Amino acid sequence: MNTENKFSAEIRIVNNIKLTVPERKNILNRLPLIFAALMGFCGTIFSFFSMFELNIDTAEIKIFSLLYFAALTFLFMLPKKFHLIILPVLGLWIFLLYNNFYEFKTGFRMLFNIVYKYIYPSYGEYYTINNLNPEYIEIFLAFTIFILAVVVCYFIYSEPVFLLSFIFTFAILETGLYFGKSPEIIYVFMLIIYWVSLAALKYCGYYQKFSRTSSGFIRKNNMFIAKPGIKYYTSGISVMVITIVCCIIFILTALFSSLTGYKRSDELDNMRSDLKIAADEFSFDNFGESLERLSASLGFDKFKAYTHKLGTMSSIRFKNRCELVIETDGAIDTNLYLKGYTGSVYKENEWTDFPESDKYNIYNYSAEVDNYYDGDNIPQNMLTNYFLERYDMHYVNMNITSEYDAEKYNYIPYISIPDGKITYTDDTQISLENKKSYSFKVNKLQLSKSNLTDVLSGLDYSINDNFDEYTDYVYSNYCKVENTIGLNEVYKKFVKGTVLESDADIYQKLTYIKELLSKHAVYTLNPGRTPSGEDFVKYFLVNSKKGYCVHFATAGVILARMSGIPARYCDGYVLLADDFNSQNRQENSSYKIKIEDNRAHAWAEIYIKNLGWVPFEFTGSGTAIGEEETQATTAKTTETAKKTTKKSTSKISLTTKSETTSFSTSEYKNVVTSAIVQPNKAKLQLSIKIILILFFILLIAIIIIILRHIICLGDKCKKLNCDDRKKAITFAYKYTLDLLKFCGIEKGNMQYLEFSEYAVVKLPDILDTEFEKLTESMLRAQLSNEVLDTKEAFEAVQYYRKVYNNVYNKSNMLKKIEMRFIKNL
Numbered sequence: 008m009n010t011e012n013k014f015s016a017e018i019r020i021v022n023n024i025k026l027t028v029p030e031r032k033n034i035l036n037r038l039p040l041i042f043a044a045l046m047g048f049c050g051t052i053f054s055f056f057s058m059f060e061l062n063i064d065t066a067e068i069k070i071f072s073l074l075y076f077a078a079l080t081f082l083f084m085l086p087k088k089f090h091l092i093i094l095p096v097l098g099l100w101i102f103l104l105y106n107n108f109y110e111f112k113t114g115f116r117m118l119f120n121i122v123y124k125y126i127y128p129s130y131g132e133y134y135t136i137n138n139l140n141p142e143y144i145e146i147f148l149a150f151t152i153f154i155l156a157v158v159v160c161y162f163i164y165s166e167p168v169f170l171l172s173f174i175f176t177f178a179i180l181e182t183g184l185y186f187g188k189s190p191e192i193i194y195v196f197m198l199i200i201y202w203v204s205l206a207a208l209k210y211c212g213y214y215q216k217f218s219r220t221s222s223g224f225i226r227k228n229n230m231f232i233a234k235p236g237i238k239y240y241t242s243g244i245s246v247m248v249i250t251i252v253c254c255i256i257f258i259l260t261a262l263f264s265s266l267t268g269y270k271r272s273d274e275l276d277n278m279r280s281d282l283k284i285a286a287d288e289f290s291f292d293n294f295g296e297s298l299e300r301l302s303a304s305l306g307f308d309k310f311k312a313y314t315h316k317l318g319t320m321s322s323i324r325f326k327n328r329c330e331l332v333i334e335t336d337g338a339i340d341t342n343l344y345l346k347g348y349t350g351s352v353y354k355e356n357e358w359t360d361f362p363e364s365d366k367y368n369i370y371n372y373s374a375e376v377d378n379y380y381d382g383d384n385i386p387q388n389m390l391t392n393y394f395l396e397r398y399d400m401h402y403v404n405m406n407i408t409s410e411y412d413a414e415k416y417n418y419i420p421y422i423s424i425p426d427g428k429i430t431y432t433d434d435t436q437i438s439l440e441n442k443k444s445y446s447f448k449v450n451k452l453q454l455s456k457s458n459l460t461d462v463l464s465g466l467d468y469s470i471n472d473n474f475d476e477y478t479d480y481v482y483s484n485y486c487k488v489e490n491t492i493g494l495n496e497v498y499k500k501f502v503k504g505t506v507l508e509s510d511a512d513i514y515q516k517l518t519y520i521k522e523l524l525s526k527h528a529v530y531t532l533n534p535g536r537t538p539s540g541e542d543f544v545k546y547f548l549v550n551s552k553k554g555y556c557v558h559f560a561t562a563g564v565i566l567a568r569m570s571g572i573p574a575r576y577c578d579g580y581v582l583l584a585d586d587f588n589s590q591n592r593q594e595n596s597s598y599k600i601k602i603e604d605n606r607a608h609a610w611a612e613i614y615i616k617n618l619g620w621v622p623f624e625f626t627g628s629g630t631a632i633g634e635e636e637t638q639a640t641t642a643k644t645t646e647t648a649k650k651t652t653k654k655s656t657s658k659i660s661l662t663t664k665s666e667t668t669s670f671s672t673s674e675y676k677n678v679v680t681s682a683i684v685q686p687n688k689a690k691l692q693l694s695i696k697i698i699l700i701l702f703f704i705l706l707i708a709i710i711i712i713i714l715r716h717i718i719c720l721g722d723k724c725k726k727l728n729c730d731d732r733k734k735a736i737t738f739a740y741k742y743t744l745d746l747l748k749f750c751g752i753e754k755g756n757m758q759y760l761e762f763s764e765y766a767v768v769k770l771p772d773i774l775d776t777e778f779e780k781l782t783e784s785m786l787r788a789q790l791s792n793e794v795l796d797t798k799e800a801f802e803a804v805q806y807y808r809k810v811y812n813n814v815y816n817k818s819n820m821l822k823k824i825e826m827r828f829i830k831n832l
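209 is the number that the numbering used here gives to position 202 of the sequence shown; each next residue is one higher, with no gaps.
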């Protein structure tokens, strides 16, 4: 039966049912789209203007911006066949850009200089420009805003593509956000309306599947319901509802903020800033520290990297997180260093250990004793042994607990006696049984600036006189400096011909080095990276002349070695005398002190014969640690407790050749290592970051695809194995049709049995006459009340699987991947 009428809406019955409904283009349904596009267009432009003052005629820019928007809105509201007009328009844009490219380029540079000056106010202009004509900025903006208008209008009127439009508009907003500039909240709100509306257009209603004007029916039992082309109606309603909801939320938020005086926490801005810095400074050369900074910026503070590569980070930031908890039964009167790591070899901008062949042999490089007193002939105990023999000891019991779950080091106080079993490694490390929590008896008298000269002048050489062999080892190894162009320049500039080559005593030389560092460099947490191919010490002292404790300690060690003083690098934490205050005092007169990350510090150790390795501070004032000027009287008070009768205290000058040897140029060359620093290869940091980001995006995409495949497969198996035999047969037929569609065969307007015969002829390698049987089973399942047996349902499912295997086996590799993981057939 054929039935036709002459109206624009018609029903035509030719073996099947098809409905044609004319597309509704009511202007009221388009107004919300225009409003959403205007929000995105204006929000993008004005949010940028609100972050940076351009000092140009913005009224003119606003006029041609609105003209662009109006013209493009009119164009994209026309039927789609007229949208191709945009191609000659873009051609004209390219032609005009070519003719005005100098003005465009200069305008970009002028605008870049303005933004650059806002971000880095202490720096000069990035581009040097001779002709500063403000009209060039307007020309640049005129060309750029036109492209913005094209993107916004096309992606909301013609083809809603949320991701591309979001990236384009958010990138302009992020230009300021990335560097801490905040736009006006109203313009951000306008952008949010645009983004949410665009997402709704893309993913809601019948927009994607049923944007045709010609649609079929949905059958519910014996009822046929039309699926009309409701593209504009659905999108209009969606955008209208979203706009109203966003406005209500914005008004309520504004009222709440004004009534309560609420201000947003700076935590989000700090996290953004930390994450930006971590991403900017991510380096595979220092992967551990980069990963630690990245995880910390995201709030995962339990990860800690142990690396001693130098100059790979342009800055350090403290989050004021607790890293150690220290409990004592009394106060300590001086600052106390807690040593974790000791660096022996400076090579290629990194502190490392000696190679195995050069390490000091303590019972085959490692010794384990049950308590401290069994290790009195071990280098790590020299300093404490000296104080035990020379002075009265006044102990404070101290317990240290690390906040990290997988701590690598024990943090050892100087002049202390650890509790429990001790492991000594080489001549540098002390390890205890537990690295999470451990205890010491710590002497109240610690070496400091105020008492070091007294200790040196009253040095008793009869104590630790069994370490002569170790002293020879120290002078043979801890005065070595790598023979490189950079370090040779440091030697010639700062050591040669100075007091460091004279017979001055150790303390005079160390004081000279500290004053030299203080004069030639300033303390800052933002010193910048060391460029590739540059030596860290040379770049610090000669070029940048700014750094933090790591820079000062490393440079101090190298200069000390060049002057003939054995020295090495240490880092850990510092406990200040000021920490023993009423705030940290407990009810039982004990102290509980939280050591935060800003107490992490680096310093030098200097070897003095018969005394041992003593800490020495090369970082000048301005650090978090500072000097001990307020403790100047401590030494005199404590000196009264010295045991002057315990052993002879005859003074021996430290300036004799046997104690300190001047470090001449020839001797310098004799003790340097043979290694030569090779210039590092140029780092492709940006490319590596892009590759890494793409890798993670690809990995996430693969995971999503696999999870989607597993979910779809489980759903399919559930439907094919359901207890309702009619449903199982129907689903088996439906999935078989999906396979045939994948092969390029669709049912279209054909009857079911007609299609089964047609499909068998077209795909003889995949289908056989069993497909006709499956079709008949499906028709009985859908159209009759006949009870189907389990065998028939089982055979239908098995036939679907047979067809699946045939299609899969005859497909190439790409088709197989598409079939299984993209189409999920």
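Where a beta carbon is used, it is the ideal one built from N, C-alpha and C, also for glycine. Since the model is a prediction, treat every value here as computed from it, not as a measurement.
Which of helix, strand or coil does DSSP assign to residue i?
i      : result
Lys238 : Low confidence applies here, because Lys238 scores a pLDDT of 43, under 50, leaving its location unreliable and the question unanswered by this model.
Gln436 : strand
Thr391 : helix
Met785 : helix
Ile613 : strand
Ser457 : coil
Tyr134 : coil
Ile470 : coil
Ser364 : helix
Tyr418 : coil
Ala631 : Its pLDDT being 37, under 50, Ala631 is placed unreliably in this model, and the value from its coordinates should be taken loosely. In the structure shown, Ala631 sits in coil (DSSP, three-state: anything other than H, G, I, E or B).
Ile752 : coil
Ala149 : helix
Ile323 : coil
Tyr485 : coil
His90  : helix
Between residue i and residue j, is the Cβ-Cβ spacing less than 7 Å?
i      : j      : result
Tyr806 : Leu781 : yes
Ala261 : Cys160 : no
Asn6   : Asn617 : Since the first residue shown for the chain is 8 and the last is 832, residue 6 is missing from the structure and cannot be characterised.
Pro573 : Tyr614 : yes
Asn458 : Lys442 : no
Phe83  : Ser165 : yes
Tyr498 : Tyr367 : no
Leu524 : Ile323 : no
Could you give the residue range of the beta strand (DSSP E) that holds residue i?
i      : result
Glu330 : 329-335
Val621 : 619-623
Pro425 : 423-425
Lys405 : With the sequence shown as reference, residue 405 is identified as Met, and Lys is not the correct amino acid for it. That run of the beta strand (DSSP E) goes 402-409.
Leu494 : Segment 492-501 is the alpha helix (DSSP H) holding Leu494; no beta strand (DSSP E) there.
Phe447 : 444-450
Within 10 Å of its beta-carbon, does residue i have 16 or more other beta-carbons around it, so buried, or fewer, so exposed?
i      : result
Thr51  : buried
Leu720 : exposed
Pro190 : buried
Ala639 : With a pLDDT of 32 at Ala639, under the threshold of 50, the modelled position of this residue cannot be trusted; read the value that follows with caution. Classification for Ala639: exposed.
Thr797 : exposed
Gln590 : exposed
Ser657 : Note that Ser657 scores a pLDDT of 30, beneath 50, so its modelled location is shaky and nothing firm can be said.
Arg715 : exposed
By alpha-carbon positions, which one of the options ends up nearest to residue i?
i      : options                : result
Asn406 : Leu744, Tyr498, Pro420 : Pro420
Phe587 : Ile600, Gly579, Tyr580 : Ile600
Asn107 : Ala149, Tyr133, Thr135 : Ala149
Tyr815 : Phe828, Ile144, Leu317 : Phe828
Met320 : Thr537, Leu79, Lys723  : Thr537
Asp426 : Asp434, Ser444, Glu777 : Ser444
Residue range of the alpha helix (DSSP H) that residue i falls in?
i      : result
Ala77  : 65-84
Leu821 : 820-824
Arg592 : Looking at the DSSP string, Arg592 is not in any alpha helix (DSSP H), and its letter there is neither H nor E.
Comparing the C-beta of residue i with each C-beta of chain D, is any distance below 7 Å?
i      : result
Phe119 : Here chain D cannot be found, since the structure has a single protein chain.
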